[in-house]
Amino acid sequence: MLKKMGGEYLAIPCNTCHYFQDKIDDSMHGHFINMIKVTAERIVNKGYKKAGIIATDGTVKADMYGKTLRDLGVEVVYPSEERQKDVMDIIYNQVKQGEKGDKKQFLSVVKELRDKGCDVIVLACTELSVLYQNHDFNGDFYVDAMDELTKACIDKCGGEYYNE
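Mapped onto numbering that gives the first Met the number 0, the consecutive letters of the sequence shown carry residue numbers 0 to 163.
In structure tokens form, the structure reads like this:
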């Protein structure tokens with residue numbers, strides 16, 4: 000369908016779906032813009048060395064960011080089991096329900112990762128992009144996978160983006 004409609008690129012704004020990247024690549028006649036890869040490239044280009052990954056259980060268990068980042072020389076840290084429960088609560092019981100998301104609860108996850116020496120936090124779930132937009136966070140400490148996918152799409156289409 001992508002080819003029939005004249006599309007050359009496919010972007011899926013869901014980190015967890017990237018688990019199926021190989022099947023997607025095999026079934027299409029265009030280029031798949033990999034959200035995880037473009038996010039990892041941004042982390043490396045910014046010079047970060049230790050990334051805290053905040054994501055759904057599925058993304059964490061599949062170690063999708065971990066595999067990619069470690070291959071690029073970046074150490075990866077995930078939240079503890081207790082903090083991961085907070086992440087899932089924020090995603091499924093708050094943001095997906097139309098709430099802003101509990102900033103204090105989220106920052107407890109971030110604090111744990113910072114205390115473990117992370118120099119960047121990866122927002123590796125699109126619901127976390129919503130939470131990030133709903134609150135006033137220090138943008139220099141976070142890399143938002145949704146933002147990186149958006150920038151990659153704009154680049155591939157020859158456009159310009161703002162608010163770097």
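Even glycine gets a Cβ: it sits at the ideal position worked out from N, Cα and C.
Once you ignore the five residues that flank residue i on each side, which residues in its own chain have a CB closer than 7 Å to its CB?
i	result
Lys36	Thr67
Val86	Ile53, Pro78 and Val108
Leu112	Gly51, Val76, Pro78 and Ile120
Using DSSP with H/G/I as helix, E/B as strand and the rest coil, what is residue i?
i	result
Val142	strand
Is it right to say residue i is buried, meaning 16 or more other beta carbons lie within 10 angstroms of its own, or is it exposed?
i	result
Ile153	exposed
Ser79	exposed
Tyr131	buried
Tyr160	exposed
Asp146	buried
Gln93	buried
Apart from the five residues on each side of it in sequence, which residues of its chain come closer than 8 Å, Cβ to Cβ, to residue i?
i	result
Cys156	Tyr8
Ile32	Tyr8, Leu9, Ala10, Leu148, Ala151, Cys152 and Lys155
Val73	Ala39, Ile42, Val43, Tyr47, Lys48, Lys49 and Ala50
Met65	Note on residue identity: the sequence assigns Gly, not Met, to residue 65. Result list for Gly65: Ile52, Val75 and Tyr77, in chain order.
Out of the options, state which residue places its alpha-carbon closest to the alpha-carbon of residue i.
i	options	result
Thr38	Glu159, Val142 and Gly158	Val142
Cys89	Tyr64, Ser128 and Phe136	Looking at the sequence provided, one finds Ile at residue 89 rather than Cys. When each option's Cα is compared against that of Ile89, the closest is Ser128.
Val75	Pro12, Met145, Asp135 and Ile42	Ile42
Met63	Met34, Asn133, Glu126 and Lys115	Met34
Phe140	Gly158, Asp118, Asn133 and Thr58	Asp118
Lys84	Val59, Gly97, Gln96 and Ala144	Val59
Gln96	His134, Glu126 and Lys45	Glu126
Excluding sequence positions up to five away, which residues of its chain have a Cβ less than 6 Å from the Cβ of residue i?
i	result
Arg82	Val108 and Glu111
**Report entry** the region 92-106 in contact with the region 59-76 per 3-pair CB rule at 8 Å
**Finding:** Contact fails between the region 92-106 and the region 59-76, because fewer than three Cβ pairs, one in each stretch, are under 8 Å apart.
**Report entry** Stretch pair the region 115-133 + the region 45-60: three plus CB contacts closer than 8 Å
**Finding:** Output reads yes: the region 45-60 touches the region 115-133.
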